[in-house]
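Take a look at the structure below.
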């Protein structure tokens with residue numbers, strides 16, 4: 187039995203960990219970075235704020251791995267990545283020929299945990315950066331939502347693979363969101379003028395045509411006027427299953443700090459469209 191007398195207040199346990207490199211973000215870039223560094227003898231702490239690795243390619247999102255092959259359009263039919271990402275894809279093909287997203291999670295976990303130089307922290311989000319001087323990060327603070335623990339992670343090197351750039355943002359690094367104009371860097375595929383629109387957030391779902399009417403009681407927050415569904419997306423009775431499986435919204439909002447607002451709008455549409 188664990189007992190404690192009443193106290194004025196309590197602080198969460200803080201665990202201080204030191205390494206040669208802290209990688210913040212457990213998507214594919216973070217996983218490959220951590221594994222590559224670990225194999226060079228570098229002690230790595232890999233911090234991931236989700237319960238699984240893989241980021242957009244994990245079972246939580248299920249966007250399959252794209253790269254040199256760009257196999258959605260076969261843009262580079264004979265191209266192929268090498269290195270760690272190739273190891274992962276080959277291993278996944280061997281273990282997971284049906285492409286099960288949850289099995290892919292285990293392939294990534296196995297790859298990372300097989301490296302003795304990697305300390306993996308799942309369900310752990312970085313929320314603070316501490317500096318030893320203006321240009322040097324001394325440590326980051328992180329919180330594990332499942333164990334109610336805090337971590338102080340100290341290292342001479344930090345790699346921000348978080349997707350939203352949390353370490354760079356908190357450290358005061360310059361940043362921009364949007365697309366620069368073609369003239370700035372001479373990039374031929376850039377727009378003629380800079381703009382601030384972004385890729386939106388997506389929500390995925392699965393639908394089925396049962397052939398008969400089905401009773402559906404939508405949640406209170408479901409969209410009631412489907413004419414208010416954001417433009418560029420239409421629904422019809424012939425689209426179901428994997429033909430209608432995702433919605434995207436939020437490209438004209440702040441996809442970092444307004445992410446919850448965007449999520450609720452997607453939920454409203456996903457549930458309201460079927461009523």
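Residue numbers (my numbering): 187 to 461.
Backbone N, C-alpha and C define an ideal beta-carbon position, used for all residues, glycine too.
It should be emphasised that the depicted structure is a prediction, and the values quoted were computed from it without experimental measurement.
Taken in chain order, the complete alpha helix (DSSP H) segments of 4 or more residues contained in the region 348-394 are 352-356, 368-371.
For residue 390 and residue 398, the gap between their C-alpha atoms comes out near 24 Å. According to DSSP, residue pairing for residue 330 in a beta bridge involves 310, 335. Relative to the Cα of residue 306, the nearest Cα in the group 404, 211, 440, 446 belongs to 211. Only residues of its own chain outside the window of five on either side were considered, and among them 434, 435, 436, 441, 445, 448, 449, 452 have a CB closer than 8 Å to the CB of residue 387, listed in chain order.
Collapsing the DSSP output to three states places residue 344 in a strand. If you draw a 10 Å sphere on the C-beta of residue 325, you find 16 or more other C-beta atoms in it, and that means buried. The alpha helix (DSSP H) runs of length 4 or more contained entirely in the region 224-249 do not exist; there are none. Residue range 200-204 is occupied by the beta strand (DSSP E) that includes residue 203. For residue 207, the pairing in a beta bridge is given by DSSP as 230, 343. Taking one beta carbon from each stretch, the region 245-255 and the region 218-228 have fewer than 3 pairs nearer than 8 Å; the two do not touch. Three or more Cβ pairs closer than 8 Å define a contact, and the region 228-239 meets that threshold against the region 280-294. Taken through DSSP and simplified to helix, strand or coil, residue 305 comes out as strand. Of the other Cβ atoms in all chains shown, fewer than 16 fall within 10 Å of the Cβ of residue 413; this residue is therefore exposed. Separation of the CB atoms of residue 377 and residue 365 is rounded to 6 Å, and the pair is thereby assigned contact status at 8 Å. Counting only the Cα atoms, residue 349 lies some 22 Å from residue 380. Under DSSP, the beta-bridge partners assigned to residue 322 are 319.
Sequence-distant partners of residue 215 (beyond 5 residues in either direction) whose C-beta falls short of 6 Å from its own C-beta, in its chain, are 347. Residue environment: residue 337 is assigned as buried (16 or more neighbouring CB atoms within 10 Å of its CB, all protein chains considered).
Taking C-alpha positions only, residue 202 is separated from residue 409 by approximately 47 Å.
When secondary structure is reduced to three states using DSSP, residue 213 falls in the strand class.
When DSSP states are grouped into helix, strand and coil, residue 460 belongs to the coil group. Of the candidates 197, 209, 200, the residue whose Cα lies closest to the Cα of residue 344 is 209. If the five residues before and after residue 458 are omitted, its C-beta is found closer than 7 Å to the C-beta atoms of 404, 408, 409, 410, 412, all from its own chain and listed in chain order.
Taking C-beta atoms as the reference points, residue 330 and residue 310 count as a pair closer than 8 Å. Looking only at 187, 199, 204, 188, the smallest Cα-Cα distance to residue 340 is reached by 204. Around the beta carbon of residue 400, a 10 Å sphere encloses fewer than 16 other beta carbons of the protein chains shown; the residue is thus reported as exposed.
Rounded to whole angstroms, residue 352 and residue 363 show a C-alpha spacing of 14 Å. Counted as a single uninterrupted DSSP element, the alpha helix (DSSP H) harbouring residue 295 occupies residues 287-299.
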